[in-house]
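According to mature numbering (1 follows the signal peptide of the UniProt record, and there is no 0), the residues represented by the sequence shown are -23 to -1, 1 to 575, in order.
Scroll down for the structure; my scribbles are underneath it.
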Amino acid sequence: MFVVVPTLIAISVFCVGSWAVSGSHTSANSPAPYRLLTPLLDTPWTAKVGTLPWPQHPRPLLYRDHWQTLNGIWTALSGIMVNGVTYMWFATTFTTPSGWPTGQRLLLNFEAVDYEATVFVNGAQVGFNRGGYFRFTVDITDNVNPDGENALLVFVFDPTDSSPYHIPNGKQTTSPSHIFYTPCTGIWQPVWLESAPSSYITSMNFAADMEGTVTATIHSGTGGSNPVEISILDDDGSVVSTQSAVSDETFTFTVPSPKLWSPDSPNLYNITVKMGADNVSSYTGFRTISSGTVNGIQRPLLNGKFVFQFGTLDQGYWPDGIYLPPTLEAMVYDLGLLKGLGMNMVRKHIKVEPDLFYQACDRLGLLVIQDMPCMPATVSMETSPPDAAEQAEFERQIEVLINEHKSYPSIVTWVIYNEGWGQLREASHPEFPITTRIRELDPTRLIDATTGWFDHGAGDFSDNHHYAEPQCGTPFYSTPSSPYDPNRIGLQGEFGGIGHIPAAENLWPVQAAIDTINQTYEINSDLDSYNYRAHVLLGLLRDQVARFACSGAVWTQTTDVEGEVNGLVTYDRRFVRVDAIQWKADIQALYAAAGARA
Ligand SMILES: *[C@@H]1O[C@H](CO)[C@@H](O)[C@H](O)[C@H]1NC(C)=O
Ligand SMILES: *[C@@H]1O[C@H](CO)[C@@H](O)[C@H](O)[C@H]1NC(C)=O
Ligand SMILES: *[C@@H]1O[C@H](CO)[C@@H](O)[C@H](O)[C@H]1NC(C)=O
């Protein structure tokens, strides 16, 4: 039996967390009116969300002219807003926008629904998707009333990390504690309508390298070889290359002397593609990522040169939106903070962001190390490992992650496993066949098969995690990490993590979280101490760059999250801890030490 709960959330912004409980149930079959809830901790952007969150077009790599967001206030049935609920309904109505061309297909796009979604339009089941981080599209043309109101219902199942499930869900847990956080449930990214001709482009992949070679695949729903025309445009909008080809086949062509993409000069080129009556736009950046030996040391190369990669572990959690930033501006604030300190990289940690995040990295010039969201880390691998079907689903979702994101120039590395979480550890180690599969799907990037801990030799990196001091490309190490393997690139996948207890007004006011603050790797009782310790740790890292085989490092972390108080900035993004002048100098010293080895 379902209890009707009032509509409380601006769908696609506020993930369902225990903080969002309204408490007022109604007994009728109609929901109580929408009202805004106050999050336990807000950010400078909370009040700007309004009732039409995330109005931007959400898919920058495949833009079509006729689209409309369905974000806004939806009705949610059955106990959502209560942590631990695994089944729920989301409902809204929509009309087909007037003025759209007739005789077209009507596509319903979901950018991400956590974890399983069954979609009904006017009572008919039209689609199903499994996987909490990925897009799916349903052609609803034959189910809609083009002249009236249509009912859209989404049934969601999301067990998070409850026993006995092992699903890719990153840091979400039903019992938040220290480094594991409040879960997100259901629709958490934009839902939108789109109009496309009967034969249309379903997805596209572009990879453009430092030689000007563009490798492209234009996928059509029909699978046939439809003629396509591709134009690459420079920044004044003039066409620098036009290519005729066919859909559903990979082809290459060359743009002479392109301006290359790099963190220092993030040049992008717009693309237009025509396939019959369908025309869409996209963009790419010309750059080459590879691994090569420089003065006897294995290095990550960008456009043929060793570029030391330095950035933060980026959780992407928000006190007012949990998994989704309140606004685009808020999301870009975090990235701008890193860029402003002189970082050139961000490690997106066991979470996948909305596509506009990757577009922002492309535009700002931030290299992205993208983790696959892990299966529950809190479940002991010894007593309850994933079964064969769960492992197969994890591996299927890695393929979805890569196919959906492999056209973003900023992404340079894929990560399979973090610190052994969800990693089967018997001999026939799964990271070997997964690495092989990723190379088939995307030969243009590096693979960090195991960031931290159980490294059996797969992938391009020898990646150490250690707190607070780094052990980057060094012969000294602490178990369960391994000594540096000179056949691969030495990376410090995590270090730092030093903490500082913020003022109460900047802290997630949940006692269970506050009770775990002392588990933070190191607490500094004042900011002078925090910045002094950062200076010492960045100095140690610089020594390791100068002396050993350190090619990049990830500082823990961008922001505080709940009871983990080790951010450059507090969870509410209102209090910045870093002494910017000192940090900028210490970060430049890393690049200088690396430059002296190149
Ligand atoms: C690419 O297209 C977008 C969207 O139409 C536009 O805002 C941007 O200025 C264009 N960029 C370049 C480099 O031409
Ligand atoms: C599609 O083509 C029309 C007509 O040339 C043009 O106005 C429109 O901007 C194009 N749309 C995209 C997404 O490129
Ligand atoms: C954390 O440690 C400090 C110093 O020992 C102590 O004063 C404080 O009560 C501890 N907090 C918790 C929640 O255990």
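Quick reminder that beta carbons are idealized off the backbone N, C-alpha and C, glycines included.
Any non-hydrogen atom of ligand 2 within 6 angstroms of residue i CB
i, result
"residue 256", "yes"
"residue 348", "no"
"residue 260", "no"
"residue 177", "no"
"residue 42", "yes"
Per-residue burial, residue i [other beta carbons within 10 Å of its own, 16 or more giving buried]
i, result
"residue 569", "exposed"
"residue 395", "buried"
"residue 119", "exposed"
"residue 88", "buried"
"residue -8", "Low confidence applies to residue -8: its pLDDT is 36, below 50, so where it sits in the model is not reliable, and the reading given next is rough at best. Flag for residue -8 reads buried."
"residue 124", "exposed"
"residue 522", "buried"
"residue 495", "exposed"
"residue 572", "exposed"
"residue 567", "buried"
"residue 171", "buried"
"residue 327", "buried"
"residue 441", "buried"
"residue 334", "buried"
"residue 121", "buried"
"residue 91", "buried"
"residue 458", "buried"
"residue 29", "exposed"
"residue 74", "exposed"
"residue 365", "exposed"
"residue 272", "exposed"
Beta-carbon proximity of residue i to residue j, cut-off 7 angstroms
i, j, result
"residue 245", "residue 260", "yes"
"residue 130", "residue 222", "no"
"residue 322", "residue 290", "no"
"residue 362", "residue 548", "no"
"residue 134", "residue 66", "no"
"residue 490", "residue 539", "yes"
"residue 350", "residue 147", "yes"
"residue 530", "residue 287", "yes"
"residue 218", "residue 252", "no"
"residue 192", "residue 229", "yes"
"residue 37", "residue 336", "yes"
"residue 23", "residue 243", "no"
"residue 390", "residue 425", "yes"
"residue 420", "residue 262", "no"
"residue 145", "residue 308", "no"
"residue 554", "residue 504", "yes"
"residue 526", "residue 454", "no"
"residue 543", "residue 474", "yes"
"residue 429", "residue 528", "no"
"residue 189", "residue 250", "no"
"residue 151", "residue 61", "yes"
"residue 331", "residue 149", "no"
"residue 552", "residue 486", "no"
"residue 316", "residue 341", "yes"
heavy atom of ligand 1 below 6 angstroms from residue i C-beta
i, result
"residue 563", "no"
"residue 48", "no"
"residue 127", "no"
"residue 247", "yes"
"residue 212", "yes"
Cβ-heavy atom distance, residue i to ligand 5, below 6 angstroms
i, result
"residue 447", "The model depicted lacks ligand 5 and carries ligand 1, ligand 2 and ligand 3 instead."
**Study point:** In chain order, each beta strand (DSSP E) run of at least 3 residues that lies wholly inside the stretch 292 to 328
**Key:** If we require 3 residues or more, the beta strand (DSSP E) runs fully inside the stretch 292 to 328 come out as 322 to 325.
Check your understanding: Of all the beta strand (DSSP E) runs that stay within the bounds of the stretch 199 to 249, which reach a length of 3 or more residues?
Key -> Every unbroken stretch of the beta strand (DSSP E) spanning 3 or more residues and falling wholly within the stretch 199 to 249 is given here in chain order: 204 to 210, 216 to 223 and 228 to 231.
Point to revise | Inside the stretch 455 to 528 only - beta strand (DSSP E) runs reaching at least 3 residues | key: For secondary structure counted as the beta strand (DSSP E) over 3 or more consecutive residues, the stretch 455 to 528 holds these complete runs in sequence order: 466 to 473, 475 to 477 and 499 to 501.
Check your understanding: Taking only runs of the beta strand (DSSP E) that begin and end inside the stretch 143 to 194, which ones reach a length of at least 3 residues, in chain order?
Key -> Listed in chain order, they are 168 to 173 and 178 to 185.
Review point. What are the start and end residues of each continuous beta strand (DSSP E) run of 3 or more residues lying completely inside the stretch 375 to 463, in chain order?
Key: As summarised for the stretch 375 to 463, the continuous beta strand (DSSP E) elements at least 3 residues long and confined to that stretch are 388 to 395, 423 to 428 and 438 to 442, given in chain order.
**Study point:** Segments assigned beta strand (DSSP E), at least 3 residues, entirely inside the stretch 50 to 112
**Key:** Complete beta strand (DSSP E) runs here, min 3: 52 to 54, 64 to 71, 82 to 87, 93 to 98 and 101 to 107.
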